[in-house]
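The block underneath contains the structure these notes are about, expressed in structure tokens.
Number of protein chains: 2
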Amino acid sequence: MKKGRTEISAAALTYQEFRNIVEVSMEKICRAVFHENRDSIKIKKEEVAVKNLINIFNTTLELSNTLGFQAMSLRDLSRESGLSMGALYSYFTGKDELAKIIQEQGRRIIGDILKEQVEKGESPRERLQIAIRAHLFLNEVMQKWFYFSFMEARNLSRAEQKLAIESELVTESMFIDIIECGIARGSFRVSNTVLTASTIKAVLQDWYLKRWKYLRRKVSVEEYAEFIISLIESFVMPKEKRAK
Amino acid sequence: MKKGRTEISAAALTYQEFRNIVEVSMEKICRAVFHENRDSIKIKKEEVAVKNLINIFNTTLELSNTLGFQAMSLRDLSRESGLSMGALYSYFTGKDELAKIIQEQGRRIIGDILKEQVEKGESPRERLQIAIRAHLFLNEVMQKWFYFSFMEARNLSRAEQKLAIESELVTESMFIDIIECGIARGSFRVSNTVLTASTIKAVLQDWYLKRWKYLRRKVSVEEYAEFIISLIESFVMPKEKRAK
DNA sequence: GTCTATACATAGATAGAC
DNA sequence: GTCTATCTATGTATAGAC
Chain A
40 MKKGRTEISA
50 AALTYQEFRN
60 IVEVSMEKIC
70 RAVFHENRDS
80 IKIKKEEVAV
90 KNLINIFNTT
100 LELSNTLGFQ
110 AMSLRDLSRE
120 SGLSMGALYS
130 YFTGKDELAK
140 IIQEQGRRII
150 GDILKEQVEK
160 GESPRERLQI
170 AIRAHLFLNE
180 VMQKWFYFSF
190 MEARNLSRAE
200 QKLAIESELV
210 TESMFIDIIE
220 CGIARGSFRV
230 SNTVLTASTI
240 KAVLQDWYLK
250 RWKYLRRKVS
260 VEEYAEFIIS
270 LIESFVMPKE
280 KRAK
Chain B
40 MKKGRTEISA
50 AALTYQEFRN
60 IVEVSMEKIC
70 RAVFHENRDS
80 IKIKKEEVAV
90 KNLINIFNTT
100 LELSNTLGFQ
110 AMSLRDLSRE
120 SGLSMGALYS
130 YFTGKDELAK
140 IIQEQGRRII
150 GDILKEQVEK
160 GESPRERLQI
170 AIRAHLFLNE
180 VMQKWFYFSF
190 MEARNLSRAE
200 QKLAIESELV
210 TESMFIDIIE
220 CGIARGSFRV
230 SNTVLTASTI
240 KAVLQDWYLK
250 RWKYLRRKVS
260 VEEYAEFIIS
270 LIESFVMPKE
280 KRAK
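So the protein sequences, as listed, match chains A and B.
Residue numbering for the first sequence follows this note's numbering, starting at 40 and increasing by one per position.
Residue numbering for the second sequence follows this note's numbering, starting at 40 and increasing by one per position.
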């Protein structure tokens with residue numbers, strides 16, 4: 040087993056297993072995006088549409104991650120994706136909508152996977168560990184999306200911004216629930232539950248916001264996950280409970 | 040004294056004292072910016088130039104914080120600042136340079152103040168507390184600048200990006216030094232110094248990146264500072280050393 | 001030192017041929 | 001379903017009057 044890993048359950052997921060889950064989700068979601076946006080998407084053949092949508096999403100994320108979505112012109116997107124300007128406009132009604140669709144698509148994948156994973160845990164401690172790992176592994180696999188989502192949120196419409204905020208708060212609530220459950224069972228001891236959850240989110244987020252730093256220092260996502268778990272556990276658990 | 044505050048030194052600074060320090064620095068720095076950019080600034084009279092520079096900087100930060108620097112047109116800046124397009128171009132050679140000057144200006148204020156404050160601490164524990172408070176108080180007072188600096192970094196030139204990265208790493212090194220000193224003196228115990236320092240930066244940064252969240256929850260900067268101090272101390276200090 | 005008027009480039013978006 | 005050609009708006013930047 041991985042060195043330094045706090046083993047509390049055989050069910051604890053690894054990064055490799057995680058990659059596959061997301062890979063599969065990706066195409067499924069793109070297909071769902073196609074069906075739900077049939078009115079703005081002028082293409083009728085599902086296979087063609089899904090193939091091009093995946094291309095458009097990936098290329099957009101790629102280009103946006105260097106200079107930002109605003110700085111990416113649709114001509115850039117056209118050139119890099121291999122689709123003409125006219126063709127692009129068969130897949131969305133305008134640049135704003137493209138951003139919106141990408142945001143929605145990502146939120147859905149993340150919500151689905153995170154919830155599904157955390158429910159596997161039995162004790163609060165186990166759920167906390169799973170939540171941290173799952174979140175970080177998601178950050179890693181979908182790094183470009185998370186960065187896009189964070190950096191471009193302010194250019195969304197009011198309604199879309201509200202959804203993005205809600206999504207952040209839902210994830211935070213997940214941590215709040217886990218902590219409260221742990222307190223109720225006597226395994227955690229926390230001075231301020233909300234701030235604690237908020238802090239956990241902050242250190243997780245750093246993984247994709249400061250990617251250059253962790254890459255440069257050759258810190259792996261697994262190593263980072265175990266470090267964050269030890270940090271948080273030292274804060275929420277009395278010392279005697281932490282021992283194996 | 041403030042409830043919940045871990046008092047270890049009468050010299051520990053308060054937020055109010057801090058506001059004044061920055062207020063004074065602000066104009067001094069704008070004056071320095073004027074002198075160092077004499078070639079690109081076409082205005083000769085110092086008083087006029089400094090007054091307008093402060094106006095331009097503040098208005099730019101204001102506008103950029105809502106929709107981003109890219110989205111802010113120079114026509115917007117002209118309208119909001121009250122200066123004409125032509126007048127604006129007497130103060131910088133182009134939009135890119137404006138961003139560059141703002142970045143430099145902020146980095147200088149922060150570097151100066153942070154170093155000065157931390158040197159006041161005697162023990163590692165005291166320096167750690169001061170560094171966290173000073174950093175957060177700076178984040179609060181210069182919130183718009185920090186947000187601008189983070190969000191617009193990717194649109195800078197290569198050289199400027201390097202400077203921004205260096206600046207982040209210098210601040211982190213300050214925490215690394217404090218922690219190492221604490222370990223050497225036997226007051227701290229840390230599994231991974233670099234990751235610990237990196238984590239501290241991450242939670243501090245959250246204060247200005249997620250301002251909406253803390254505002255909404257009515258968390259004050261002082262409250263947040265004390266919480267972060269307790270979190271970090273629980274991680275780096277053995278329990279028996281933390282008691283007063 | 002500041003203004004107005006204008007040049008020029010590039011962006012998003014669409015029409016119509018294939 | 002995809003392309004090329006083109007329209008229109010808006011952005012940065014400057015010239016020259018005041």
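Glycine included, each C-beta is placed from N, C-alpha and C at the ideal position.
Within the segment 175 to 203 of chain B, contact with chain A at the beta-carbon level (separation under 8 Å) is assigned to Met190, Arg193 and Asn194. Between A/Ser112 and B/Leu208, the alpha-carbon positions lie close to 33 Å from each other.
DSSP, reduced to helix, strand and coil, places A/Ala110 outside both helices and strands of the structure shown, so it counts as coil. A Cβ-Cβ contact shorter than 9 Å links A/Leu122 with A/Asn91. Residue-level contact by beta carbon fails for B/Ala173 and chain A, as no gap is shorter than 9 Å.
In terms of beta-carbon proximity, A/Asp245 lines the interface with chain B, with at least one pair separated by less than 9 Å. Minimum Cα-Cα distance from A/Trp251 among the listed residues A/Ala223, A/Phe189, A/Leu137 and A/Gln182 corresponds to A/Gln182.
Contact note: A/Ala241 reaches chain B through Ala241, Val242 and Asp245, using a C-beta cutoff of 7 Å and chain order.
For B/Lys249, the secondary structure class from DSSP, reduced to helix, strand or coil, is coil. A distance below 7 Å between beta-carbons, with the five flanking residues on each side excluded, links B/Ile140 to the following residues of its chain, in chain order: Val72, Asn76 and Phe131. Nearest in C-alpha terms to A/Asn231, of all of B/Glu66, B/Val258 and B/Ser162, is B/Val258. Per DSSP, reduced to three states, the secondary structure at B/Thr105 is helical. Against A/Phe274, the close residues of chain B are Leu270, Ser273 and Phe274, in the order they occur along the chain (beta-carbon pairs closer than 7 Å). DSSP places B/Val258 in the coil class of the three-state scheme, outside both helix and strand.
Within the segment 99 to 115 of chain A, contact with chain B at the beta-carbon level (separation under 8 Å) is assigned to Thr105, Leu106, Gly107, Gln109 and Ala110. Per DSSP, reduced to three states, the secondary structure at B/Ile68 is helical.
By the rule that beta-carbons nearer than 9 Å mark a contact, A/Ser226 does not touch chain B.
Proximity of A/Glu207 to chain B, defined by a Cβ-Cβ separation below 9 Å, is satisfied. Judged by their CB atoms, B/Asn194 and A/Gly107 are nearer to each other than the 9 Å cut-off. Assignment of alpha helix (DSSP H) within the segment 113 to 184 of chain B, counting only whole runs of 4 or more residues, yields 113 to 120, 124 to 127, 134 to 157 and 163 to 180 in chain order. Counting only Cβ-Cβ distances below 8 Å, A/Arg256 has contacts in chain B at Val233, in chain order. For A/Trp246 against A/Leu153, the beta-carbon gap comes to about 15 Å, at or over 8 Å, which does not count as contact. Chain A has no Cβ within less than 9 Å of the Cβ of B/Leu167. The C-alpha of B/Arg114 is placed about 22 Å away from the C-alpha of A/Ser196.
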